[in-house]
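The next block holds one structure in the form of structure tokens; read it before the comments.
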Ligand code: PMP
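Numbering (full-length UniProt numbering), first residue to last: 1 to 391.
Now the structure itself:
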């Protein structure tokens with residue numbers, strides 16, 4: 001069709017530079033093994049940390065909800081799309097997170113957009129880690145507030161930005177709890193101390209920490225013993241929780257404000273009953289099956305140690321997000337292809353998702369993987385590494 005020529009040119013350029021990516025359809029349910037192009041492979045590329053996407057309790061809850069409430073809600077929350085189960089779930093989530101209130105958005109992405117775009121005005125400033133997630137960056141682009149970026153997890157740089165910001169009405173410091181491409185944890189104790197010194201609010205995006213860190217997976221704030229000292233905790237319901245959605249756990253005031261001003265909340269239809277019911281069951285699983293989180297961490301240690309013993313560089317990861325640093329973009333993709341030949345699905349991540357020359361294979365083990373599967377994956381890494389001359 002005519003009219004898209006300049007877009008086609010750009011796509012061709014991406015193909016020349018090796019950054020064009022095909023979507024890879026799974027032909028099976030998400031799990032420790034998946035079927036791709038008819039081949040059974042070990043899955044190391046999902047965020048399904050606890051294997052909850054196929055947990056029987058979540059599936060049953062979803063099925064029951066469909067039977068009783070149907071498949072859709074027919075409206076945005078503020079008109080006729082709030083079911084009592086939405087409110088029950090938010091109360092349960094707030095209790096779980098030890099906060100006054102919680103509000104669910106359609107996704108983690110729109111939660112960051114909704115919170116950041118609505119709560120700040122031109123009298124305010126937002127101070128953000130340079131490696132924060134794209135949804136934080138986009139949320140910041142939508143605010144009228146002044147913006148300052150501090151060097152990645154660099155507390156001197158953060159303090160500098162806070163010192164320059166004393167004239168603003170509100171200072172909001174925002175950071176990922178766990179950084180999604182390197183798997184390192186934000187130095188939250190130091191961030192909280194600095195924010196308190198300069199009377200700033202703190203917002204933490206726990207997308208990769210919910211269900212992973214803290215007591216029963218309550219997240220980084222709880223992990224560092226900082227309950228009550230972080231004003232805004234954002235997270236996703238699509239990774240360890242296994243379903244779909246985002247949440248903000250915060251004060252009752254901010255919740256009510258977001259109901260009135262958070263545009264993705266106001267103008268987009270609420271979650272289907274099956275989604276909410278499954279998310280609700282996920283909290284029960286976190287509380288009643290803590291062995292899943294234990295297994296996730298045991299598997300993480302086994303796999304990370306194995307990669308290091310083979311001689312791979314896993315960067316600064318401290319969590320189940322474990323990058324295998326390769327460097328060159330084309331070589332990164334080649335390595336990922338070779339891993340696939342060897343029976344492992346582990347995607348290469350290259351520019352622009354990570355800086356140029358910092359291409360990596362990003363692996364995430366889950367609680368569902370058996371030690372045998374992880375050993376099989378390590379053997380595949382060894383063979384692929386030798387084939388490409390990386391070991
Ligand atoms: N924040 C971070 C740090 C993330 O990694 C992601 C997921 N890529 C999101 C937010 C967005 O979450 P969701 O997939 O639920 O939109």
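From the three backbone atoms N, C-alpha and C, an ideal C-beta is built for every residue, glycine too.
Inter-stretch contact at 8 Å, needing at least 3 Cβ pairs: the region 186–198 / the region 221–240
In short, these stretches touch, since the Cβ pair count reaches three.
Within a Cβ cutoff of 7 Å, which residues of the same chain sit near residue 368, ignoring the five residues on either side of it in sequence?
Numbered from its first residue, the chain shown carries residue 368 at position 368. Apart from sequence neighbours up to five positions away, the residues of its chain that approach residue 368 with a beta-carbon distance below 7 Å are 31, 32 and 51, ordered along the chain.
Which same chain residues, not among the five before or five after residue 145, have their C-beta less than 7 Å away from its C-beta?
Taking the first residue of the chain shown as position 1, residue 145 is located at position 145. The beta carbon of residue 145 sits closer than 7 Å to the beta carbons of 120, 121, 122, 124, 125 and 126 from its chain, once the five residues preceding and following it are set aside; these are given in chain order.
For residue 96, the nearest candidate out of 235, 371, 140 and 160 (CA to CA):
By one-based count along the chain shown, residue 96 stands at place 96. For residue 96, the closest alpha carbon among the candidates 235, 371, 140 and 160 is that of 235.
Three-state secondary structure (DSSP) at residue 254?
Along the chain shown, one-based indexing puts residue 254 at 254. Looking at residue 254 - three-state DSSP - the assignment turns out to be helix.
Kindly examine the ligand PMP and report whether one of its heavy atoms sits closer than 7 Å to the Cβ of residue 122.
Taking the chain shown and counting its residues from 1, the one referred to as residue 122 is at position 122. Not a single heavy atom of the ligand PMP lies less than 7 Å from the C-beta of residue 122.
Cutoff 6 Å; reference residue 362; Cβ partners in own chain excluding five residues on either side
Within the chain shown, the letter at position 362 stands for residue 362. Answer for residue 362: 323 and 349, listed in chain order.
Nearest CA to the CA of residue 29: which residue from 343, 55, 179 and 194?
Here the question's residue 29 lines up with position 29 in the chain shown. The residue with the shortest Cα to Cα distance from residue 29 is 55.
Just to confirm my understanding: we take residue 24, look at its own chain, exclude 5 residues before and 5 after, and list those with CB closer than 7 Å. What are they?
Position 24 of the chain shown holds residue 24. Within the same chain, 36 come within 7 Å of residue 24 by CB-CB distance, once the 5 residues on both sides are set aside.
State the beta-bridge partners of residue 33 as determined by DSSP.
For the purposes of this step, residue 33 is identified with residue 33 of the chain shown, where counting begins at 1. Per DSSP, 42.
Could you check whether the Cβ of residue 240 sits closer than 7 Å to any heavy atom belonging to the ligand PMP?
Against the chain shown, residue 240 aligns to sequence position 240. Result no, Cβ not under 7 Å from the ligand PMP.
Cut-off 8 Å between Cβ atoms - residues of its own chain near residue 354, not counting five sequence neighbours on either side
Here residue 354 is taken as the residue at index 354 of the chain shown, counted from 1. Excluding the 5 residues flanking it on each side, residue 354 has same chain C-beta neighbours closer than 8 Å at 181 and 360, in chain order.
Just to confirm, are residue 152 and residue 129 a CB contact at a threshold of 8 Å?
As a position in the chain shown, residue 152 is number 152, starting the count at 1. As a position in the chain shown, residue 129 is number 129, starting the count at 1. Yes; because the gap between Cβ atoms is below 8 Å, this pair is in contact.
Excluding the 5 residues flanking residue 105 on each side, which residues of the same chain have their C-beta closer than 8 Å to its C-beta?
Taking the first residue of the chain shown as 1, we reach residue 105 at position 105. Cβ within range, chain order: 111, 114, 245, 246, 247, 248, 262, 264 and 265.
Say yes only if the C-beta of residue 267 is nearer than 7 Å to one or more non-hydrogen atoms of the ligand PMP, and no if none qualify.
Counting from 1 along the chain shown, the entry for residue 267 is found at position 267. Incorrect: residue 267 has no Cβ contact closer than 7 Å to the ligand PMP.
Determine the burial state of residue 141: buried for a count of at least 16 other Cβ atoms within 10 Å of its Cβ, exposed for fewer.
As a position in the chain shown, residue 141 is number 141, starting the count at 1. Around the beta carbon of residue 141, fewer than 16 other beta carbons lie within 10 angstroms, which makes this residue exposed.
Report buried or exposed for residue 365, applying the criterion of at least 16 other Cβ atoms within 10 angstroms of its Cβ.
Indexing the chain shown from 1 puts residue 365 at position 365. The residue is buried, with at least 16 neighbouring Cβ atoms inside 10 Å.
When you compare the CB positions of residue 305 and residue 89, do they come within less than 8 Å of one another, or not?
Working through the chain shown from its first residue, we reach residue 305 at position 305. Working through the chain shown from its first residue, we reach residue 89 at position 89. Their beta carbons are not under 8 Å apart, which means residue 305 does not touch residue 89 by this criterion.
Does the distance between the C-beta of residue 205 and the nearest non-hydrogen atom of the ligand PMP fall short of 7 Å?
Position 205 of the chain shown holds residue 205. Result yes, Cβ under 7 Å from the ligand PMP.
Tell whether a beta-carbon distance below 8 Å holds between residue 201 and residue 158.
For the purposes of this step, residue 201 is taken as residue 201 along the chain shown, with counting starting at 1. For the purposes of this step, residue 158 is taken as residue 158 along the chain shown, with counting starting at 1. No; because the gap between Cβ atoms is not below 8 Å, this pair is not in contact.
Going by the CB atoms, is the gap between residue 344 and residue 282 shorter than 8 Å?
Within the chain shown, residue 282 is the residue found at index 282, counting from 1. Within the chain shown, residue 344 is the residue found at index 344, counting from 1. Judged by beta-carbon spacing, residue 344 lies beyond the 8 Å limit of residue 282, meaning their Cβ atoms are not closer than that value.
Quick one, which of 149, 147, 326 and 116 has its alpha-carbon nearest residue 136's?
Start at 1 with the first residue of the chain shown, and residue 136 comes out as number 136. For residue 136, the nearest C-alpha among the options comes from 116.
What would DSSP say about residue 263, mapped onto helix, strand or coil?
Taking the chain shown and counting its residues from 1, the one referred to as residue 263 is at position 263. In the structure shown, residue 263 sits in a helix (DSSP, three-state: H, G or I).
Go to residue 150, then tell me how far its beta strand (DSSP E) extends in each direction, as first and last residue.
Against the chain shown, residue 150 aligns to sequence position 150. Counting along the chain, the beta strand (DSSP E) containing residue 150 begins and ends at 146–150.
For the alpha helix (DSSP H) holding residue 346, just list the boundary residues, first then last.
Working through the chain shown from its first residue, we reach residue 346 at position 346. Careful: residue 346 lies outside any alpha helix (DSSP H) and carries neither H nor E.
Close Cβ partners of residue 310 (< 8 Å) along its chain, the five nearest in sequence each way excluded
Counting from one through the chain shown, the residue named residue 310 turns up at place 310. Correct list, in chain order: 378, 381, 382, 385 and 391.
Report the partner residues of residue 105 according to the DSSP bridge assignment.
Taking the chain shown and counting its residues from 1, one reaches residue 105 at position 105. According to DSSP, which records beta bridges pairwise, residue 105 is partnered with 246.
8 Å CB neighbourhood of residue 63 in its chain, flanking five on each side removed
Mapped onto the chain shown, residue 63 falls at position 63. Excluding sequence neighbours, residue 63 sits near 274.
Contact defined as beta carbons within less than 8 Å: I believe residue 233 pairs with residue 204. What is the distance between those atoms, to the nearest angstrom?
Residue numbering aside, residue 233 sits at position 233 when the chain shown is read from its first letter. Residue numbering aside, residue 204 sits at position 204 when the chain shown is read from its first letter. Beta-carbon to beta-carbon, residue 233 and residue 204 are separated by about 5 Å, close enough to satisfy the 8 Å threshold.
Quick check on the DSSP output: the alpha helix (DSSP H) that includes residue 136 runs from which residue to which?
Within the chain shown, numbered from 1, the residue matching residue 136 stands at position 136. Judged by DSSP secondary structure, residue 136 falls within the alpha helix (DSSP H) whose first and last residues are 134–141.
Could you round the C-beta distance between residue 103 and residue 255 to whole angstroms and report it? I think they count as a contact, below 8 Å.
Position 103 of the chain shown, counted from the first residue, corresponds to residue 103. Position 255 of the chain shown, counted from the first residue, corresponds to residue 255. The Cβ separation is near 5 Å, so the contact holds.
Contact check, residue 319 vs residue 185 under 8 Å by CB: the rounded distance?
By one-based count along the chain shown, residue 319 stands at place 319. By one-based count along the chain shown, residue 185 stands at place 185. Separation of the CB atoms of residue 319 and residue 185 is rounded to 6 Å, and the pair is thereby assigned contact status at 8 Å.
If you measure from the CB of residue 152, is any heavy atom of the ligand PMP nearer than 7 Å?
The count along the chain shown starts at 1 and reaches residue 152 at position 152. No.
Going straight from the alpha carbon of residue 293 to that of residue 16, what length do you get?
Within the chain shown, residue 293 is the residue found at index 293, counting from 1. Within the chain shown, residue 16 is the residue found at index 16, counting from 1. Those two C-alpha atoms are separated by around 42 Å.
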